[in-house]
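Chemist: FYI, in full-length UniProt numbering the residues of the sequence shown are 1 to 216.
Sharing a structure, written as structure tokens. Questions coming.
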Amino acid sequence: MFFDTNGFESNPISIFLLQKPMTKNSLQRRRATISSLGIITAIAFSLIQSVPYATAMHDDDVPTWSSGSQTYYCTWSLGYVDNQYVDSCNDFDDAADTWNSVSSSTWNLTYNVFGLWVQSDPLGSDGPWAETVVRYTGSPGTITSADITFNNDKTFGSGANPSGAGDFKTVSIHEQGHLLHLEHNTSSSSVMYYSLPANTIRTIDSHDEDAIQGLY
Numbered sequence: 001m002f003f004d005t006n007g008f009e010s011n012p013i014s015i016f017l018l019q020k021p022m023t024k025n026s027l028q029r030r031r032a033t034i035s036s037l038g039i040i041t042a043i044a045f046s047l048i049q050s051v052p053y054a055t056a057m058h059d060d061d062v063p064t065w066s067s068g069s070q071t072y073y074c075t076w077s078l079g080y081v082d083n084q085y086v087d088s089c090n091d092f093d094d095a096a097d098t099w100n101s102v103s104s105s106t107w108n109l110t111y112n113v114f115g116l117w118v119q120s121d122p123l124g125s126d127g128p129w130a131e132t133v134v135r136y137t138g139s140p141g142t143i144t145s146a147d148i149t150f151n152n153d154k155t156f157g158s159g160a161n162p163s164g165a166g167d168f169k170t171v172s173i174h175e176q177g178h179l180l181h182l183e184h185n186t187s188s189s190s191v192m193y194y195s196l197p198a199n200t201i202r203t204i205d206s207h208d209e210d211a212i213q214g215l216y
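Here's what the structure looks like:
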């Protein structure tokens, strides 16, 4: 997840990527969070610990998906008007293509009729643009499911100049990075940088490419 420096209203949309159902006691959860002061933490059960940067994810010591090929499904959300829904689903798909295009990586996220669902969820006007929760079993772990939630207390835009809003595609690329289990890094050119001001568009850079190539 990452934060902006402003509080806006937004169109509601939450995205859930599910591989298979798991019982509650068999799951571990990691939630990347960050405050306006730039303090990065991760939560696994109730334990708070430091989070490695994305550029450090080059080993076999972090949870990953059992397969580099996953599917998602984008569906209409109550209260989310049709043209905005279509734009957001298209932007999310374009974001997936951005990660899919990284050379020497086996990751491939594609559209299917099962896997990803859309609904509203407020995270607060002072909260992040979006949040990703990854669930995994074992050690270092196999990811079993992940939830991507877009904050309906924010304003999202689409296109070359998302005036006064968070660029939905940029936020989607960032949150899909967390879906891959990449963490925040300190390179302001990276889409995995921990903050995103309004009216800002980013895409993956060499730090992000190195990170995904190290995992998939």
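Just so you know, even glycine gets a beta-carbon here, dropped at the ideal spot from N, CA and C.
Return yes when the Cβ of residue 201 is within less than 9 Å of the Cβ of residue 167, no when it is not.
Modeler: It is a contact, given that the beta carbons lie within the stated cut-off.
Chemist: Give me the Cβ distance between residue 153 and residue 124, rounded to the nearest whole Å; I'm assuming they're in contact under 8 Å.
Modeler: Yes, residue 153 and residue 124 are in contact; Cβ-Cβ is about 6 Å, under 8 Å.
Chemist: Give every residue of the same chain whose Cβ lies closer than 6 Å to the Cβ of residue 141, excluding the five residues on either side of it in the sequence, and list them in chain order.
Modeler: So the list reads 63, once near-sequence residues are dropped.
Chemist: Does DSSP classify residue 65 as helix, strand or coil?
Modeler: Reduced to three states, the DSSP call for residue 65 is strand.
Chemist: Considering only C-alpha positions, which residue in the set 173, 210, 212 and 214 is nearest to residue 194?
Modeler: Looking at the Cα atoms, 173 is the closest of the given residues.
Chemist: Nearest-angstrom Cα distance between residue 127 and residue 136?
Modeler: Cα to Cα, residue 127 sits roughly 25 Å from residue 136.
Chemist: Ends of the beta strand (DSSP E) at residue 130?
Modeler: Its beta strand (DSSP E) spans residues 130-137.
Chemist: Which value, in whole angstroms, describes the spacing of the CA atoms of residue 94 and residue 205?
Modeler: So the two alpha carbons sit approximately 16 Å from each other.
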